[in-house]
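Residue numbering for the sequence shown follows the UniProt record's numbering, beginning at 1 and increasing consecutively. Comments concern the structure below.
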Amino acid sequence: MRSGTIGAPDPPRAAARPAHYSIWRDTVARSETEAPARHAPAPSARLPFVLVHGAWHGAWAYQRLGAALATRGHPSLARDLPAHGLDARYPAAFGDPADAAALAHEPSPVSATTLDDYTDSVLRTIDEARALGHERVVLVGHSMGGLAITAAAERAPERIAKLVYLAAFMPASGAAGLDYVRAPENQGEALAALMCASPRAVGALRINPASRDAGYLAMLRQALFEDVDDATFRAAIRLMSSDLPPAPFAAPIATTPQRWGSIERHYVACANDRVLLPALQQRFIAEADAFVPQRPTRVHRLASSHSPYLSQPEALAEQLVAIARASGEPAASLE
């Protein structure tokens with residue numbers, strides 16, 4: 001009972017707080033008011049990235065790059081394309097060790113996957129990233145992923161602030177990925193030697209990352225991971241799929257200056273690439289600039305092999321952040 005108040009119970013006492021409570025409270029209060037001013041980048045500097053992987057890979061390929069982007073204040077989102085990553089399906093002959101003879105003939109379980117499947121997947125991922133509060137994203141495609149981002153950009157240019165081709169296919173309007181694989185500019189590429197089945201026979205572009213053949217693995221490393229450290233290379237080949245659907249490579253992609261061409265476009269060229277040779281990368285850039293001269297491609301360069309997201313994630317993140325934060329010059333009318 002309180003003295004002077006008949007019948008009224010004493011109010012409950014607040015629990016005793018530890019001595020450090022006031023320090024913790026003051027620290028939190030300061031961080032809530034000061035941190036945004038000191039650390040939060042302007043909204044335009046926090047554009048989210050959507051990262052689209054290349055052939056035989058998955059969202060796992062961007063783990064290091066995603067972390068490097070996050071430390072620089074940029075969220076990113078990567079998802080497995082159909083028939084890749086957790087959605088990959090393997091021939092029964094693929095094992096440890098694989099049955100090489102059977103691999104050469106067994107039909108692929110992913111042969112029905114199309115470019116539209118890829119494009120739909122990319123657009124869904126863009127919408128997931130836009131849920132972070134931005135109307136548009138920076139869309140990055142590596143290698144074969146360039147086909148998917150090209151088709152997605154033509155379908156939904158209003159959702160994309162910037163396109164970034166990372167050592168990627170950037171086909172001319174009406175062209176297909178296959179039109180470039182054996183182009184004169186790509187003579188001497190290192191990927192064709194890795195095929196372990198006829199695409200017509202099995203319905204896939206099939207490689208064997210589970211091979212125990214030291215010579216084959218050396219060629220695989222030279223083609224895709226030449227400057228990747230040994231431990232990362234060993235981990236990566238255990239995550240790769242074996243079958244790449246051929247239809248997305250064979251599908252012509254029609255683009256227009258008014259839609260695909262309206263988006264600020266960047267190309268990150270890899271100087272030591274053995275899959276898409278530097279001469280072919282330059283051809284992609286020249287064709288795009290001839291198609292949309294009002295908005296030329298902005299070219300960035302890395303002294304890397306085909307997979308800088310594994311070999312040079314910090315350097316690549318620096319380039320991507322610079323791209324995201326740069327204010328674009330408005331293009332001349334595309335009408």
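Even for Gly, the Cβ is constructed at its ideal location relative to N, Cα and C. Keep in mind it's a predicted model, so treat the numbers as computed, not measured.
Which of helix, strand or coil does DSSP assign to residue i?
i, result
"PHE49", "strand"
"SER76", "strand"
"VAL321", "helix"
"GLU264", "strand"
"GLY133", "coil"
"GLY85", "helix"
"GLY177", "coil"
"VAL140", "strand"
"ILE253", "strand"
"ILE126", "helix"
"ASP243", "strand"
"ALA326", "coil"
"ARG64", "helix"
"VAL202", "helix"
"ILE237", "helix"
"LEU166", "strand"
"ILE207", "coil"
"ALA190", "coil"
"LEU224", "helix"
"ALA161", "strand"
"ALA172", "coil"
"THR232", "helix"
"ALA197", "coil"
"ARG283", "helix"
"LEU276", "coil"
Quick check on the burial criterion: 16 or more other C-beta atoms within 10 angstroms. Buried or exposed for residue i?
i, result
"ASP117", "buried"
"SER108", "buried"
"PRO296", "exposed"
"LEU86", "exposed"
"PRO11", "Model confidence at PRO11 stands at a pLDDT of 45, short of 50, so the residue's coordinates are unreliable; what they give is reported in the following sentence. With fewer than 16 Cβ atoms within 10 Å of its Cβ, PRO11 is classed as exposed."
"HIS105", "exposed"
"SER211", "buried"
"SER307", "buried"
"ALA269", "buried"
"GLY188", "exposed"
"GLY215", "exposed"
"ARG301", "exposed"
"GLN63", "exposed"
"PRO248", "buried"
"ALA197", "buried"
"ALA326", "exposed"
"residue 368", "Because the chain here runs from 1 to 335, residue 368 falls outside it and cannot be looked at."
"ALA68", "buried"
"ALA193", "exposed"
"ALA288", "buried"
Expressed to the nearest angstrom, what Euclidean distance is found between the alpha-carbon atoms of residue i and residue j?
i, j, result
"LEU51", "TYR90", "24 Å"
"ASP227", "GLU314", "14 Å"
"ASP127", "PRO157", "13 Å"
"PHE225", "THR255", "31 Å"
"PRO199", "ILE149", "24 Å"
"GLY203", "SER111", "5 Å"
"VAL137", "PHE49", "6 Å"
"LEU205", "GLN294", "37 Å"
"ALA176", "ALA235", "32 Å"
"ALA195", "ASN208", "It should be noted that the sequence gives Met, not Ala, for residue 195. Taking the straight line joining both Cα atoms gives about 8 Å."
"residue 345", "GLN222", "Residue 345 lies beyond the stretch modelled for the chain, which goes from 1 to 335, so this question has no answer here."
"ARG124", "ALA152", "10 Å"
"LEU81", "ALA290", "30 Å"
"ALA218", "GLN258", "44 Å"
"ALA299", "ALA271", "Residue identity check: residue 299 is Val in the sequence provided, not Ala. Cα-Cα distance, rounded: 12 Å."
"PRO251", "GLU154", "According to the sequence displayed, residue 251 carries Ala and not Pro. Whole-angstrom Cα-Cα distance: 14 Å."
"GLY174", "ALA102", "36 Å"
"HIS53", "LEU139", "11 Å"
"TRP260", "LEU276", "22 Å"
"GLN319", "ASP99", "42 Å"
"ILE160", "ASP213", "43 Å"
Taking residue i and residue j to be in contact with their CB atoms under 8 Å, please state how far apart those CB atoms are, rounded to whole angstroms.
i, j, result
"SER304", "ARG274", "So it is not a contact: roughly 11 Å between Cβ atoms."
"ALA317", "ARG46", "With a Cβ gap of about 14 Å, ALA317 and ARG46 do not count as contacting."
"LEU115", "LEU147", "7 Å"
"LEU310", "THR232", "6 Å"
"VAL164", "ILE323", "6 Å"
"ALA83", "THR113", "4 Å"
Just checking residue i against the ligand GDP - is the residue's beta carbon closer than 6 Å to any of the ligand's heavy atoms?
i, result
"GLY85", "Among the components modelled here there is no ligand, and therefore nothing to report on the ligand GDP."
Using a C-beta cutoff of 7 Å, does residue i count as contacting chain B?
i, result
"LEU302", "Included in the structure is just one protein chain, with no chain B present."
Can we say the stretch 227 to 243 touches the stretch 76 to 92, given the rule of at least three CB pairs closer than 8 Å?
yes
Please confirm if the stretch 125 to 134 is in contact with the stretch 73 to 85, defined as three or more CB-CB distances below 8 Å between the two stretches.
yes
At least 3 beta-carbon pairs within less than 8 Å: the stretch 267 to 285 vs the stretch 176 to 192:
yes
Across the stretch 160 to 177 and the stretch 139 to 148, are there enough close Cβ pairs to call them in contact, namely three or more that are closer than 8 Å?
yes
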